[in-house]
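Residue numbers (UniProt numbering), protein chains in the order written: chain G, 1 to 203; chain X, 1 to 178.
Dropping the structure here:
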C-alpha cells in the first residue's frame, strides 16, 4: 500500500512545470524583508514610545531638587550604546571616557555651568559638546541597516551631551559623584575604550 | 555597545546568510513545491505556497539558520501556509451552493489512477491529507509527522489508518492491484 502510494504520488508530480529558482529566491527575500520590516516597525514604535515616556519621566523627576535613583532604562542609558564598537559601556572603575547626558529642560545658563564645571574638574581631560542633531546623526549611522528605526526619531527625542575623556582610569567613580550633583545633568555613563580609540567615533 | 556590536556582526554576516539562504532555496524548492502540489493540486498555488514558506523563513533566517533540521522546519511552515490557505478558501466556499468537485465518487476505468488518488485525497480533511502526503510521499516517520503538525504520535497513527482506509474504499480494486 505504502509503496503504491509513493509510486502514484511520483506519477502525480511528474508533469511539473519549470521552476524558476532565481525568482523564488528574489521574491522570498523581498517578501521576507517586508515581513521583517513590519515587525521592526512595531519595535520602532515601541522604542519611540519608550523614548517619549523616558522624556516625560525625566521632566517629572527633574522637578524636585534632589533626584532619586534614575530609572533603569532611560534614553541616555540606551545612548551609552552609541559609542565606538571597540569600547565598552557602561563601565565604572575602568572607564576612560564618559558621556554626560543633559536633562531635556536644561537652561543655557545650566549648560554653560556644567561645561565650566567639567572643564575645571581635575579628573577630566577633554570636553566636547554633542548636540541633539549630532546625536541623531550618530544614531542613524549605527542603525543604518534599520531605517525603520531611525525614520521615527527626531532630534528633539535625543539628549544633548558632553563627551569627556578622563585623565586617568580609576577616577570615574569620584567624577561621576561630582557630575551627578550638577543641576541640568540627567545621567553620566562611563565608557571603557582601549588606548588610541575615540569613544564617539561610530562608523 | 551591545547594540552596536550586534549591528556590526549582523552586517558582516548578512552576505553569508544571503548565500546560505539561496543554497537552501535551491535545494529545498523542488521538493517543497511538489509537496504543496499534492496538497492543493494546483501548480500555481503550489508555487505561491512555496514562496510564502520561503518568505516567512527569510524573515526569521538569522534566528533559524542554525536550526538542526531546516527541512523539517520548512515542511512545518509550508503545511501551516496550506492550512491557512485552506481555511480562507473554505470560508469563501460557504456561499457556493454546489458541491465542490471531487466529492466521493468512484473513478471510472478511464481515469488514470494517480489522478484518481489525488481526487480521493481531496475528499479527506486537510490535516489527514497532510499526514498521508508527509508519511507516504515525503517518507516521514510517524514521530516526524507528529512534530511537523503539532499533534501526538497516536493521533498521526490513528488518522493515517483512517485516511488509508478511506482511500482504499474510494479507489477500490485498482488501488490494490497497482
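We put the CB at the ideal spot given by N, CA and C, even for glycine.
Using a Cβ-Cβ cutoff of less than 7 Å, which residues in the same chain neighbour residue i once the five nearest sequence positions on both sides are dropped?
i                      : result
residue 86 of chain X  : 126
residue 54 of chain X  : 25
residue 47 of chain X  : 33
residue 129 of chain X : 39 and 121
residue 210 of chain G : Only positions 1 to 203 of chain G appear in the structure, and residue 210 of chain G is not among them; the question remains open.
Verify whether the separation of the beta carbon atoms of residue i and residue j is less than 7 Å.
i                      : j                      : result
residue 166 of chain G : residue 132 of chain G : no
residue 191 of chain G : residue 201 of chain G : no
residue 32 of chain G  : residue 146 of chain X : no
residue 116 of chain X : residue 171 of chain X : yes
residue 171 of chain G : residue 117 of chain G : no
residue 6 of chain G   : residue 136 of chain X : yes
residue 76 of chain X  : residue 148 of chain X : yes
residue 133 of chain X : residue 32 of chain X  : no
residue 22 of chain X  : residue 36 of chain X  : no
residue 24 of chain G  : residue 29 of chain X  : yes
Whole angstroms is fine: what's the gap from residue i's alpha carbon to residue j's?
i                      : j                      : result
residue 79 of chain X  : residue 169 of chain X : 26 Å
residue 88 of chain G  : residue 143 of chain X : 47 Å
residue 189 of chain G : residue 178 of chain G : 13 Å
residue 167 of chain X : residue 121 of chain X : 7 Å
residue 104 of chain G : residue 155 of chain G : 12 Å
residue 95 of chain G  : residue 15 of chain X  : 35 Å
residue 27 of chain X  : residue 157 of chain X : 30 Å
residue 142 of chain G : residue 175 of chain G : 28 Å
residue 120 of chain G : residue 107 of chain G : 20 Å
residue 18 of chain G  : residue 83 of chain X  : 25 Å
residue 111 of chain G : residue 182 of chain G : 10 Å
residue 139 of chain X : residue 20 of chain X  : 26 Å
residue 29 of chain G  : residue 13 of chain G  : 27 Å
residue 109 of chain G : residue 57 of chain X  : 55 Å
residue 196 of chain G : residue 169 of chain G : 14 Å
residue 17 of chain X  : residue 72 of chain X  : 19 Å
residue 185 of chain G : residue 37 of chain G  : 36 Å
residue 153 of chain X : residue 187 of chain G : 57 Å
residue 141 of chain X : residue 4 of chain G   : 17 Å
Closer than 6 Å by C-beta to residue i: which residues in its own chain qualify, once you throw out the five before and the five after it? Chain order, please.
i                      : result
residue 135 of chain G : 158
residue 160 of chain X : 131 and 135
residue 41 of chain X  : 118
residue 225 of chain X : Any question about residue 225 of chain X goes unanswered here, given that chain X covers just 1 to 178.
Look up residue i in the DSSP assignment and say whether it is helix, strand or coil.
i                      : result
residue 65 of chain X  : coil
residue 140 of chain X : coil
residue 128 of chain G : strand
residue 172 of chain X : helix
residue 183 of chain G : coil
residue 131 of chain X : helix
residue 67 of chain G  : Only weak support exists for where residue 67 of chain G lies, its pLDDT of 41 falling under 50; the coordinates are left without a value.
residue 117 of chain G : helix
residue 7 of chain G   : helix
residue 196 of chain G : coil
residue 200 of chain X : Nothing can be reported for residue 200 of chain X, as the shown portion of chain X is limited to 1 through 178.
residue 14 of chain G  : coil
residue 101 of chain G : strand
residue 158 of chain G : coil
residue 107 of chain G : coil
residue 85 of chain G  : coil
residue 96 of chain G  : coil
residue 189 of chain G : strand
residue 165 of chain G : strand
residue 30 of chain X  : helix
residue 160 of chain X : helix
residue 172 of chain G : helix
residue 152 of chain X : coil
residue 91 of chain G  : coil
residue 145 of chain G : coil
Along chain G, which residues have their Cβ under 9 Å away from the Cβ of residue i?
i                      : result
residue 37 of chain X  : 12, 13 and 16
residue 54 of chain X  : 24, 25, 27, 28, 29, 31 and 32
residue 161 of chain X : Residues of chain G passing the Cβ test: none, with the nearest at roughly 11 Å.
residue 67 of chain X  : Under the 9 Å cutoff, chain G gives no residues; its nearest Cβ is about 16 Å from residue 67 of chain X.
residue 25 of chain X  : 21, 24, 25 and 28
Taking residue i as the query, report the chain X residues whose CB atoms sit under 7 Å from its CB, ordered along the chain.
i                     : result
residue 36 of chain G : 59
Chain G partners of residue i, CB-CB under 8 Å?
i                      : result
residue 51 of chain X  : 24, 27, 28 and 31
residue 34 of chain X  : 13 and 16
residue 136 of chain X : 2, 5, 6 and 9
residue 117 of chain X : 5, 8, 9 and 12
Excluding the five sequence neighbours on either side, which residues of its own chain have a C-beta within less than 8 Å of the C-beta of residue i, listed in chain order?
i                      : result
residue 162 of chain G : 99, 100, 102, 114, 115, 118, 127, 128, 129 and 130
residue 125 of chain G : 164, 165, 166 and 167
residue 86 of chain G  : 193, 194 and 197
Given that residue i touches chain G, what residues does it touch there, using C-beta distances under 7 Å?
i                      : result
residue 22 of chain X  : 25
residue 124 of chain X : The premise fails here: residue 124 of chain X is roughly 13 Å from chain G at the closest Cβ pair, so nothing lies under 7 Å.
residue 113 of chain X : 8
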